[in-house]
Structure formats: C-alpha cells, structure tokens
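Everything on this sheet refers to the single structure shown next.
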Amino acid sequence: MQALAGRHRSRLGVFAPDRSRSILVSSSDGEMAVALHERIDRTRAVIKDVRPDESADGIAACLPFPWLVINAAGGESAALEDVIRRQPVLALWRAPTPRGLPRHVRAFTRFSEVSAAVEQALMQRVAGLRLAGESGVDLADGTHIASAVLQALVAQHPLGFDLPPRLFAGVPRTLAAHHVQARLVRGESRGGSMLVADAAAH
Amino acid sequence: MRANAEVLILEDDAETLDELKVHFSAKRFHPLAARSASRALSMLENNSQSSRPVLAVIDWDLSKAPDSQWSSSDVLARLSRELNDCLVIVYSANIDSFRVRSEIQRAHPRAWLHDKRDGPASLISRVDRVLDQTVADLRVHDGSVVIHMPSLDEHHHREAVRLVVHYPDIVTFHSDTATKAVRRFGEWLVRHGSNVQLVSHGNRKYRLAVAGDPRTR
Chain A
117 MQALAGRHRS
127 RLGVFAPDRS
137 RSILVSSSDG
147 EMAVALHERI
157 DRTRAVIKDV
167 RPDESADGIA
177 ACLPFPWLVI
187 NAAGGESAAL
197 EDVIRRQPVL
207 ALWRAPTPRG
217 LPRHVRAFTR
227 FSEVSAAVEQ
237 ALMQRVAGLR
247 LAGESGVDLA
257 DGTHIASAVL
267 QALVAQHPLG
277 FDLPPRLFAG
287 VPRTLAAHHV
297 QARLVRGESR
307 GGSMLVADAA
317 AH
Chain B
2 MRANAEVLIL
12 EDDAETLDEL
22 KVHFSAKRFH
32 PLAARSASRA
42 LSMLENNSQS
52 SRPVLAVIDW
62 DLSKAPDSQW
72 SSSDVLARLS
82 RELNDCLVIV
92 YSANIDSFRV
102 RSEIQRAHPR
112 AWLHDKRDGP
122 ASLISRVDRV
132 LDQTVADLRV
142 HDGSVVIHMP
152 SLDEHHHREA
162 VRLVVHYPDI
172 VTFHSDTATK
182 AVRRFGEWLV
192 RHGSNVQLVS
202 HGNRKYRLAV
212 AGDPRTR
C-alpha cells in the first residue's frame with residue numbers, strides 16, 4: 117500500500133522538473149502554499165507545495181535549484197538546510213529557527229510576513245536589474261540573463277547570502293559583460309555576499 | 002495553413018460534457034472529450050505525436066465516471082509533466098476546501114481553479130476570458146484565431162494561438178511541424194507590421210515580445 121502511495125506521489129506535477137522560478141513550500145497541511153497561490157502572480161513564480169518528508173524530491177524538481185524555500189512546518193529539515201547551505205536560495209523559516217542556520221535565513225511567525233517578503237523579493241531592483249518574467253533577470257535595456265545566482269542576488273538585495281564566495285565567482289564577469297553598474301561585495305553586517313549598485317557603493 | 006486548437010475536456014456528467022463539447026466545437030476547437038480519467042489519459046497518449054491541447058478543462062470530482070482506475074489528479078499530473086504549455090482549468094464543487102486546492106495544485110502547480118457551483122455558464126465565461134487574449138495589436142478570437150486588429154487579417158494556427166495566450170511566457174514547441182508554424186506566424190507578424198515580435202530562445206523555445214512592455218525582454 118505504501119509502495120502504491122509512493123508511486124502515485126512521484127507522478128504529481130509538483131515533482132516534475134521545472135526551470136521556472138520556484139517557491140518550494142514545505143508544510144504538513146498545504147495551507148501556506150494554497151494561500152500563497154492566491155497572492156502571487158503565477159507568471160512570476162511557480163509554487164511547489166510539498167510535505168516535509170517530500171522536501172528533497174521537491175528540491176530536486178526545481179532546476180537548477182529553488183529560488184525560495186519556505187519551511188512552514190518549522191523545526192529542522194535536513195533537505196532544506198542542505199540546499200540553503202549549498203546554493204544561494206532565499207529562505208523563510210517558521211520561528212523559532214533551529215540553531216546554526218545561515219544568517220540569510222529569515223524567520224517568520226505570520227503569513228502576512230511571508231507574502232510581503234515574497235512580493236518584495238519579486239519586485240526587487242538593483243542597478244537596472246530586475247527579475248524577468250518566469251526566470252532569470254532582465255537588464256534595463258531588455259537583455260535577458262538566465263542566471264539563477266544573479267536572480268537570487270537581485271531578489272535578496274539589499275541583503276546578502278551567508279555562503280562561500282566561490283558560489284558567486286561568475287557574477288563579476290557577468291556584470292562586466294553586460295556593463296551593469298553594480299558589483300558584488302562581501303558585507304558581513306548585511307549577511308554576506310550581496311549586490312550593490314555602484315552609486316551606493318561609493 | 003489552418004490547424005484547429007484542441008481542448009481536452011474531462012467531465013463525468015454526460016449532459017455537461019455535451020454542453021461543453023458543443024460550446025468548444027462552435028468556437029472552432031477540436032474537443033477531446035472524456036467522461037473518465039482513463040479515457041482522457043488514453044486520448045493524450047494517442048494524440049501525443051500529432052497534437053497538444055492548448056487548453057484542458059478538468060472536473061475534479063469524477064464520481065459519475067464509468068470507471069475509476071485513474072483520477073483527475075493523474076490527468077493533471079500527466080498534463081503538468083508532459084504538456085506544461087497547456088492551460089489548465091480545474092473546477093470542483095469543493096474548491097473552497099484547502100485540502101482540495103492543495104491536492105489540485107500538487108497535481109498541477111499551474112492549474113487555474115474554478116467553482117463548479119457557479120454553473121457551466123460561469124465556467125465557459127472563465128474559459129473565454131483565459132483564451133480571448135489581447136496582446137498589443139493582436140487579439141485571439143474564440144480561442145482559435147489570431148487577428149491583427151489594424152488590418153483585421155486572421156492567422157489560423159493553434160501554435161499561434163498558444164503563443165498569444167501564453168504571452169509573455171516562453172513556450173516550448175515539441176515538433177518540427179510546430180516550430181515551422183511558429184516561424185510562419187513570425188513572418189506573418191512582420192508582413193503585417195505588427196508591434197508584436199516573435200523572439201526565439203533556441204531549443205524550440207519562443208515567446209512574443211512587445212516593445213515597451215516591462216514583462217518582455
């Protein structure tokens with residue numbers, strides 16, 4: 117019976133590989149994901165509603181990695197913690213957060229905090245960069261850059277990611293190639309590696 | 002070249018199914034109508050090489066279906082995995098229930114939800130709103146033809162309709178025939194001096210772009 121349930125679960129669309137900007141919501145009842153569906157423009161992000169024991173499968177379906185993860189169930193989650201330590205993934209975690217999470221993880225207690233954070237991240241702009249329709253970022257001149265790392269940095273602005281700098285190694289080259297007036301800096305007080313518009317950096 | 006857009010209709014009530022079939026046929030769609038999930042899956046399987054529905058209208062509750070081997074969740078999951086450029090509307094009398102909404106959105110994270118209690122007329126009106134899109138000087142009429150409004154010239158091809166109803170998203174086309182049709186549509190736009198442009202993203206991925214629209218690049 118369990119095997120049958122497992123086979124059925126693996127067929128669900130939420131586990132289909134998808135390259136769109138994805139918000140992975142891990143919860144025991146699905147209510148947070150359902151409520152977010154009502155708030156978020158579906159052309160801007162796809163919401164993946166998973167149960168805590170399905171988080172690893174859900175993460176694997178978000179290519180190359182989730183844009184944002186929400187631990188609505190709270191507590192520890194090995195799969196979510198693993199991905200937010202390995203990749204620049206925005207993260208919202210029901211308080212109280214477990215010890216030792218990267219500093220860029222934001223704690224929440226109410227749904228309104230989650231929806232406001234997601235909406236703000238989707239609208240974030242820095243030095244003419246903004247999130248494109250379904251994935252990547254657009255430059256002010258309309259050029260599209262299909263970079264999940266840059267997409268994460270723009271959405272996280274003005275904060276950064278508490279992650280090893282090597283994960284952002286390609287960003288300065290991309291910014292230079294497109295003459296973007298921004299640079300990658302390491303600011304410990306604001307969370308780690310972050311994008312800063314040139315004018316603001318001086 | 003004409004190619005009528007297909008619509009998958011899964012509805013277990015024979016009378017409602019007939020009503021929907023008549024509606025979509027009148028709008029020049031080719032309806033793929035099924036009363037059970039098994040039949041719908043078999044239609045998708047049989048049509049996988051030749052066509053891909055532009056739209057799927059799915060009844061969530063299939064208690065009157067002639068067989069229950071598969072469920073509407075299975076059909077939605079199949080659409081999500083293999084036909085993710087098909088617009089999907091799911092209707093249920095229990096659409097207010099968090100559990101039902103969660104189950105639908107887990108089966109197909111991009112499905113649109115509709116309340117069955119509002120009746121078939123409301124569903125048809127919702128479908129029309131989804132399909133009859135206007136993008137700059139282009140308009141989809143009856144979900145099956147793209148009209149260049151300044152000239153009133155018509156372009157009849159389901160792949161053109163698919164691009165317009167998905168604006169501003171990227172659409173992946175799955176056959177040489179489809180990509181040829183898309184390129185012909187792009188040439189048609191240029192010939193008509195449309196302010197909508199066809200943009201290729203490689204690997205059979207295309208989108209429409211309108212100068213000045215911040216949603217397009």
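Quick mapping for you: the protein sequence lines, in order, are chains A and B.
Note that our numbering has the first sequence beginning at 117, numbered continuously upward.
Note that our numbering has the second sequence beginning at 2, numbered continuously upward.
Don't be surprised by glycine CBs; every beta carbon is placed ideally from N, CA and C.
Here the structure is a predicted model, which is why all the values come from computation and not from measurement.
Among the options, which has the Cα closest to the Cα of residue i?
{"i": "B/GLY194", "options": "B/SER123, B/PHE25, B/MET150", "result": "B/MET150"}
{"i": "A/ASP134", "options": "B/ASN196, B/ARG111, B/VAL200, B/GLY120", "result": "B/ARG111"}
{"i": "B/VAL136", "options": "B/ASN196, B/VAL128, B/ARG192", "result": "B/ASN196"}
{"i": "A/VAL296", "options": "A/ASP254, A/VAL265, A/LEU279", "result": "A/ASP254"}
{"i": "A/ALA132", "options": "B/THR17, B/ALA122, B/LEU84, B/PRO32", "result": "B/LEU84"}
{"i": "A/PRO218", "options": "A/THR225, A/ARG226, A/LEU208, A/PHE227", "result": "A/LEU208"}
{"i": "A/VAL185", "options": "A/GLN272, A/ARG241, A/GLU154", "result": "A/GLN272"}
{"i": "B/ASP129", "options": "B/ARG118, B/GLY120, B/VAL141, B/ASP177", "result": "B/VAL141"}
{"i": "B/GLU1", "options": "B/VAL8, B/GLU104, B/LYS65, B/ALA41", "result": "With chain B covering only 2 through 218, there is no way to say anything about residue 1 of chain B."}
{"i": "B/SER98", "options": "A/GLU147, A/LEU245, A/VAL270, A/GLY216", "result": "A/GLU147"}
{"i": "B/CYS157", "options": "B/ASP13, B/LEU190, B/ASP177", "result": "It is worth fixing the name first, because residue 157 of chain B is His in this sequence and not Cys. Among B/ASP13, B/LEU190, B/ASP177, the Cα nearest to that of B/HIS157 belongs to B/LEU190."}
{"i": "A/ARG289", "options": "A/THR225, A/ASP145, A/LEU266, A/VAL205", "result": "A/LEU266"}
{"i": "A/ILE221", "options": "A/VAL199, A/ALA177, A/ILE163, A/GLY174", "result": "First, the amino acid is wrong: residue 221 of chain A is Val here, not Ile. A/VAL221 has its Cα closest to that of A/VAL199, out of A/VAL199, A/ALA177, A/ILE163, A/GLY174."}
{"i": "A/THR259", "options": "A/LEU245, A/ALA161, A/HIS153, A/LEU196", "result": "A/LEU245"}
{"i": "A/ALA177", "options": "B/ARG82, B/ASP133, B/SER93", "result": "B/ARG82"}
{"i": "B/SER152", "options": "B/GLN134, B/ARG192, B/LEU88", "result": "B/ARG192"}
From residue i to residue j, what distance separates their C-alpha atoms?
{"i": "A/LEU247", "j": "A/LEU238", "result": "7 Å"}
{"i": "B/ARG36", "j": "B/ASN5", "result": "22 Å"}
{"i": "A/GLY249", "j": "A/LEU291", "result": "20 Å"}
{"i": "A/ASP169", "j": "B/ILE148", "result": "49 Å"}
{"i": "B/VAL211", "j": "B/GLN70", "result": "46 Å"}
{"i": "A/PRO212", "j": "A/GLY191", "result": "7 Å"}
{"i": "B/ALA57", "j": "B/LEU80", "result": "9 Å"}
{"i": "A/VAL150", "j": "A/VAL230", "result": "13 Å"}
{"i": "B/ILE125", "j": "B/SER74", "result": "22 Å"}
{"i": "A/GLN236", "j": "B/ILE96", "result": "29 Å"}
Can a CB atom of chain A be found closer than 9 Å to the CB of residue i?
{"i": "B/GLN198", "result": "no"}
{"i": "B/ASP75", "result": "yes"}
{"i": "B/ASN95", "result": "no"}
{"i": "B/ASN219", "result": "There is no way to answer for residue 219 of chain B, as the model of chain B reaches only from 2 to 218."}
{"i": "B/ASN204", "result": "no"}
{"i": "B/ASN85", "result": "yes"}
For a contact meaning CB atoms closer than 7 Å, what does residue i contact in chain A?
{"i": "B/ALA122", "result": "Within 7 Å Cβ-Cβ: nothing; B/ALA122 doesn't reach chain A, min ~24 Å."}
{"i": "B/ASP177", "result": "Near B/ASP177 there are no residues of chain A at all, since even the closest Cβ is about 22 Å away, more than 7 Å."}
{"i": "B/SER81", "result": "GLY129, ALA132"}
So which residues on chain B does residue i lean against when the C-beta distance must stay under 9 Å?
{"i": "A/GLU229", "result": "Going along chain B, no residue has its Cβ under 9 Å from A/GLU229, so there is no contact; the nearest lies around 20 Å."}
In chain B, which residues lie less than 7 Å from residue i when you measure between Cβ atoms?
{"i": "A/LEU128", "result": "ALA78, ARG107, ALA108"}
{"i": "A/ASP165", "result": "SER103, GLN106, ARG107"}
Return the chain-ordered list of same chain residues with a C-beta closer than 6 Å to the C-beta of residue i, the five sequence neighbours on each side being excluded.
{"i": "B/THR180", "result": "PHE174, ARG205"}
{"i": "A/TRP183", "result": "ARG137, SER138"}
{"i": "A/ALA243", "result": "VAL296, GLN297, ALA298, ALA313"}
{"i": "A/ILE261", "result": "GLY252, VAL253"}
{"i": "A/LEU128", "result": "none"}
{"i": "B/ARG208", "result": "ILE171, VAL200"}
{"i": "A/ALA293", "result": "none"}
At the 9 Å Cβ level, is residue i part of the contact set with chain B, yes or no?
{"i": "A/GLY276", "result": "no"}
{"i": "A/HIS153", "result": "yes"}
What does residue i reach in chain B if we use C-beta pairs closer than 8 Å?
{"i": "A/GLU147", "result": "PHE99, SER103"}
{"i": "A/VAL150", "result": "PHE99, ARG102, SER103, GLN106"}
Residues of chain A with a CB under 9 Å from the CB of residue i: which are they?
{"i": "B/PRO169", "result": "THR159, GLY249, GLU250"}
{"i": "B/ARG118", "result": "Simply none; closest approach about 18 Å."}
In chain order, what residues of the same chain lie with their CB nearer than 7 Å to the CB of residue i, ignoring the 5 residues before and after it?
{"i": "B/SER26", "result": "PRO32"}
{"i": "A/SER309", "result": "GLY276, PHE277, LEU279, PRO281, PHE284, LEU300, ARG302"}
{"i": "B/SER39", "result": "ASP68, GLN70, TRP71"}
{"i": "B/ARG127", "result": "ILE90, HIS115"}
{"i": "A/PRO180", "result": "ALA264"}
{"i": "B/ASP177", "result": "none"}
What does residue i reach in chain E if we use C-beta pairs closer than 7 Å?
{"i": "B/ARG111", "result": "Included in the structure are the protein chains A and B, with no chain E among them."}
Grab me the residues of residue i's own chain with a C-beta within less than 8 Å of its C-beta, minus the 5 sequence neighbours each way, in chain order.
{"i": "B/GLY203", "result": "none"}
{"i": "B/LYS28", "result": "ASP143, GLY144, SER145"}
{"i": "B/PRO121", "result": "THR17, GLU20, LEU21"}
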